[in-house]
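Q: Residue numbers (my numbering), protein chains in the order written: chain A, 232 to 592; chain B, 555 to 737; chain C, 474 to 737.
All C-beta atoms, glycine included, are put in the ideal place defined by N, C-alpha and C.
Below is one structure. I have some questions about it.
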Amino acid sequence: MGKELRLMKGNEAFAEAVIRDGADGYFGYPITPQSEVMEYLMVEKPYEKTGMVVLQAESEVAAINMLYGGAGCGKKVLTSSSSPGMSLMHEGISYLAGSELPCIIMDAMRGGPGLGTIQPGQADYFQVTKGGGHGDYRLIVLAPASVQEMYDFVEISFDLAFKYRNPVIVLTDGAIGQMMEKVYIGEQKVRLTEEEIKEKYPWATLGKTPDRERNIITSLDLDPYRHERHNIKLQKKYKEIEKNEVRYEELNCDDADYIIVAYGTSARISQKAMDIAREKGIKVGIFRPISLWPFPKKALRQLSERVKGILAVEMSAGQMVEDIRMHSVETTPVEHYGRMGGVIPTPNEIVDIIENTFVKS
Amino acid sequence: MTEEIIIAGFGGQGVLSMGKILAYSGIMQDQEVSWMPSYGPEMRGGTANVTVIISDERISSPILTHFDTAIILNQQSMDKFEESVKPGGLLIYDPNGISNPPSRKDINIYKVEASKEAAAMGFRKIFNMIVLGGYLKVKPIVILENVIKGLKKSLPERYHHLIPDNERAITKGMEIVEAVQTA
Amino acid sequence: MSDTIIKEQIFKPENIVYKKTDLMTDNVLSYCPGCGHGTAHRILMEVIDEMGLQSKTIGIAPVGCSVLAYEFMNVDMQQAAHGRAPALATAIKRLLPDKTVFSYQGDGDLAAIGTAETIHACNRGENFTVIFVNNGIYGMTGGQMAPTTLEGMKSSTSPYGRDSQTMGHPLKMTELVAQLPGTYYVTRQAVHTPAAVRKAKKAIRKAIELQQQKVGMTFVEVVSNCNSGWKMTPVDSNKWMVENMFPFYPLGDIKVDGKLVKEV
């Protein structure tokens, strides 16, 4: 944890972390509720401090493809958007995944479908954890639940992106992006030089030198058998990620009779619900998946064996609950409570649901 | 100690910045804080509100439906948030522009004539600091010294010459706040 | 038989009259015999070779017939999603300003699905070079109408000829981008005769040289034939191109040193 303490919005903390982590380029298109990311970067002028490029693209489509170009050169690049913009980006994300390019895409989710609302939502869960674009691919998805995590997850995400040559989604929402909390800021990292990139990422297109064959970044292969081998390789990589990169947090789960499973803003609200429930003598715990993919299935399964009921709380009609059901023991009831359209569930509503669905029955 | 506050009024009244200064003041005394604004088109001239939580413990939900304190600066906000004050909680308002004063009997109600006083002081922008002073008199959750430190942190350097004015406004608010009803 | 050249003599270095640049790989071109793409590839790679830029060059392949350009061009390359080559090139050039960056795009890629990326990269004055091969048709997908298809011209999706009333007018992208302040050198060339090839190569050289000076976008259109898509022999298609394409897409410089040299 860094030493410098600041009060920042989630979006600003994310942007500051990007500069501090030594990112090479941000390419984005304004959309509420995350426009502060690019605004902050433009004000901070990292191009003067670290040499980082900040560019406002003509569309989300252009922005995601700028990431492809930059990532193909081994550069640390990222973008941020919100749900409607994410839909536009998923074509490019499929190409990034197919070409195995590292990058970060931050999605500050808002209620949908369509233009929907600018208020927070969590209905992009399917889109980012199950696909979104075409083809068999997976994205690493991390869900911060505090402004500090908005900061911390930038470094973790870049590390994962380059470790596995895979896009990483930071899945957040308008509430976390807009709220201010204390943040500990880390040291300024130095950006990699071209020589260092060549050394670390020999696949990067930085110009063909006599000592190697030309590098090609592509997702195309017209030979089905060779392309299948590429797909098998990708699937192997995803298995590896599932083995190594599961992240979650448990709060008061040890003595819990009931657990709430929630991520991001919903997890924060659920903490309050947990406090209220415990004051009433109902032993509630929280299981917060931090990596939504890979989903913490083993830990959830073990937990599901010893509790009397599980409640999924999401700002959606019920998306993550499908994964929860799939990875809980059948004898434990799993219920879902969700609000949609930008409505945020309240702690008291959640407590009522637990009382009425589990405790009274 | 956990204090859950809603500050609500018109955009441009300094609602968000008042919340920010409170949050900073909390940080100055090593407390946990959160600041959660309403955002979007509401910002543009409509109503604005912000939820501020200051606590000795890790803050759970930054979004709340019930508050220990509501600081109300226009009628729409009064209509919306009077009911959200916890029984025994505090409601502070500026009577300027309030046609229907609060009617609940189970809460503590104070008023602070901040707009009037700001106009008298010839400096309308410090309106929100007068309100803040009124609140801190009733509930001294942060000490004045830390508020000044918080101001220094939250204001860009070029506005630091205004800190003495802000301090005067806070002190003024502390003087003029009046109890309307104590539950 | 002293005037007959035997095989051994041909291989002697002093008798070599032409040698393929090493910047073209030995892979067999996937283009139809008679297509202009191969020549356009070759002159572009010759320029990069002659300027000694191989180790500094990053090229972008589009979607279309030249999707596999990276199989033939012996430089580091990235293959872009349909129409997005200018977005990739923008980021690469911004992140690596001292590299030589080009996008190689067809008319479907550049003038239809990628119009926004093309116009905005040109308008920002990005310092890379666009090679725009215009043959008035979607070649790879089997000869459908392109935005550049001439009025009355038949394609598989305009089987009775392009009717501008219902199918829109052919789009002159090159004239369009020439009007943007971000473009510095805009020209239209062809590769159907040795003289045209020499001129086109000179234009590409100029574009790549200007790119080193970071003066803004350099944009070279190459009007080409598509004998398969047009359903003609290569010879007939070149004749048809001269008679029909050139009047609508006239060859020559449109913008030089940042100034229009032709009415557009």
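(1) With 9 Å as the threshold, decide whether the Cβ of G253(A) is near any Cβ in chain C.
(2) Considering only their Cβ atoms, is the gap separating Y299(A) from Q578(C) smaller than 9 Å?
(3) Got a sec, what are the start and stop residues for the beta strand (DSSP E) P398(A) sits in?
(4) Just the chain A side, please: which residues come within less than 8 Å of N547(C) by C-beta, in chain order?
(5) In chain B, which residues lie less than 7 Å from A244(A) when you measure between Cβ atoms?
(6) Would you say V292(A) faces chain C, with C-beta separation under 9 Å as the test?
(7) So the alpha helix (DSSP H) P315(A) belongs to, where does it begin and stop?
(8) Would you call the segment 395 to 405 of chain A and the segment 581 to 591 of chain A in contact, with 3 or more CB pairs under 8 Å?
(9) So M705(C) contacts chain A; which residues on that side make the cut at Cβ distance below 7 Å?
(10) Can you give me the C-alpha to C-alpha distance between I680(B) and G540(A), rounded to a whole angstrom?
(11) Short of 6 Å in beta carbon distance, which residues of its chain neighbour S311(A), apart from the five on each side in sequence? Order them along the chain.
(12) Could you tell me which chain A residues have their CB closer than 8 Å to the CB of A589(C), listed as they occur along the chain?
(13) Report the rounded CA-to-CA distance for E593(A) versus R612(B), giving the unit in angstroms.
(14) Give me the Cβ distance between M632(B) and I646(B), rounded to the nearest whole Å; I'm assuming they're in contact under 8 Å.
(15) Going straight from the alpha carbon of A406(A) to that of K528(A), what length do you get?
(16) Name the DSSP beta bridge partners of G532(C), please?
(17) Go ahead and pull the three-state DSSP assignment for T725(B).
(18) When you compare the CB of T563(C) with every CB in chain A, is at least one pair closer than 9 Å?
(19) Could you pull out every residue in the same chain whose Cβ sits closer than 6 Å to the Cβ of H620(B), ignoring the five residues on either side in sequence?
(20) Give me the subset of the segment 476 to 510 of chain A whose CB atoms are less than 9 Å from a CB atom of chain B, sorted by chain position.
(21) Sort D495(C), P506(C), S637(C) and M497(C) by Cα distance to P466(C) and report the nearest one.
(22) Check whether chain A comes within 9 Å of T619(B), counting only Cβ atoms and requiring the distance to be less than that.
(23) Could you spell out where the beta strand (DSSP E) holding T656(C) opens and where it closes?
(24) Our contact map puts L523(A) next to A374(A) with C-beta atoms below 8 Å; I'd like the distance itself, whole angstroms only.
(25) Classify T588(C) as helix, strand or coil using the three-state DSSP reduction.
(26) Using 10 angstroms around the beta-carbon of F484(C), count the other beta-carbons present and answer buried if the total reaches 16, otherwise exposed.
(27) Thinking M705(C) and H665(C) are a contact (beta carbons under 8 Å), I'd like their distance in whole angstroms, please.
(28) Does any CB atom of chain A fall closer than 9 Å to the CB of Y543(C)?
(29) Could you pull the DSSP bridge partners for R519(A) from this structure?
(30) Quick one: measure Cβ to Cβ for F605(C) and T656(C), integer angstroms, because I've assumed they're closer than 8 Å.
(31) Should V490(C) be labelled buried (16 or more other beta-carbon atoms within 10 Å of its own) or exposed?
(32) Run through the segment 411 to 497 of chain A for me and flag every whole alpha helix (DSSP H) of 4 or more residues, listed as ranges in chain order.
(33) Using a Cβ-Cβ distance cut-off of 9 Å, determine whether N296(A) contacts chain C.
(34) Determine the closest residue to C699(C) out of M640(C), T614(C) and A680(C), with distance taken between C-alpha atoms.
(35) Pull up the distance between the alpha-carbon of K691(B) and that of G727(B), whole angstroms please.
(36) Let me check understanding here. Comparing Cα to Cα, which of Y593(B), L576(B) and G600(B) lies closest to S609(B)?
A: So, from the data block:
(1) Chain C, which has no Cβ nearer than 9 Å to the Cβ of G253(A), makes this no.
(2) Taking 9 Å as the Cβ cut-off, Q578(C) and Y299(A) do not qualify as a contacting pair.
(3) Segment P398 to D404, the beta strand (DSSP E) holding P398(A).
(4) At a beta-carbon threshold of 8 Å, the residues of chain A lying near N547(C) are K439 and R445, ordered along the chain.
(5) Residues of chain B passing the Cβ test: none, with the nearest at roughly 13 Å.
(6) By this cut-off, V292(A) is an interface position.
(7) For P315(A), the enclosing alpha helix (DSSP H) stretches over residues S314 to G329.
(8) As far as the Cβ criterion goes, the segment 395 to 405 of chain A does not touch the segment 581 to 591 of chain A, which means the pair count is below three.
(9) Residues of chain A with a Cβ closer than 7 Å to the Cβ of M705(C) do not exist, since the nearest Cβ in that chain sits about 27 Å away.
(10) Between the alpha carbons of I680(B) and G540(A) lies a distance of about 52 Å.
(11) The beta carbon of S311(A) sits closer than 6 Å to those of G259, Q265, V268 and M337, all from its chain and outside the five residues before and after it, given in chain order.
(12) Scanning chain A for C-beta atoms nearer than 8 Å to the C-beta of A589(C) yields E289, S290, V292 and A293, reported in chain order.
(13) Examination of residue 593(A) is not possible in this model, given that chain A is present from 232 through 592 alone.
(14) In this structure M632(B) is not in contact with I646(B), their Cβ atoms being roughly 11 Å apart against a cut-off of 8 Å.
(15) Cα to Cα, the separation comes out at about 27 Å.
(16) Here G532(C) is bridged, per DSSP, to M550(C) and F575(C).
(17) Secondary structure at T725(B): helix, using DSSP grouped into helix, strand and coil.
(18) Taking 9 Å as the CB threshold, T563(C) lines the interface with chain A.
(19) These residues qualify, in order along the chain: S638 and K640.
(20) Under the 9 Å Cβ criterion, the segment 476 to 510 of chain A contributes T496, R499, I500, S501, Q502, K503, A504, M505 and D506.
(21) Summary: the structure shown does not reach residue 466(C), with chain C confined to residues 474 through 737, and so no result is reported for it.
(22) Proximity of T619(B) to chain A, defined by a Cβ-Cβ separation below 9 Å, is satisfied.
(23) For T656(C), the enclosing beta strand (DSSP E) covers residues T656 to A663.
(24) Sure, about 5 Å apart at Cβ, within 8 Å.
(25) In the displayed model, T588(C) falls within a helix according to three-state DSSP.
(26) When all chains shown are included, F484(C) counts as exposed.
(27) Rounded, the Cβ-Cβ distance is 13 Å, inconsistent with contact.
(28) At least one CB of chain A lies nearer than 9 Å to the CB of Y543(C).
(29) Beta-bridge pairing links R519(A) to E480(A).
(30) 12 Å between Cβ atoms; not a contact.
(31) Classification for V490(C): exposed.
(32) The segment 411 to 497 of chain A contains these whole alpha helix (DSSP H) runs: 425 to 431 and 455 to 475.
(33) For N296(A), the answer is yes, since a Cβ of chain C falls inside 9 Å of its Cβ.
(34) It is T614(C).
(35) Here the alpha carbons of G727(B) and K691(B) stand approximately 8 Å from one another.
(36) Taking only the C-alpha atoms, the option nearest S609(B) is L576(B).
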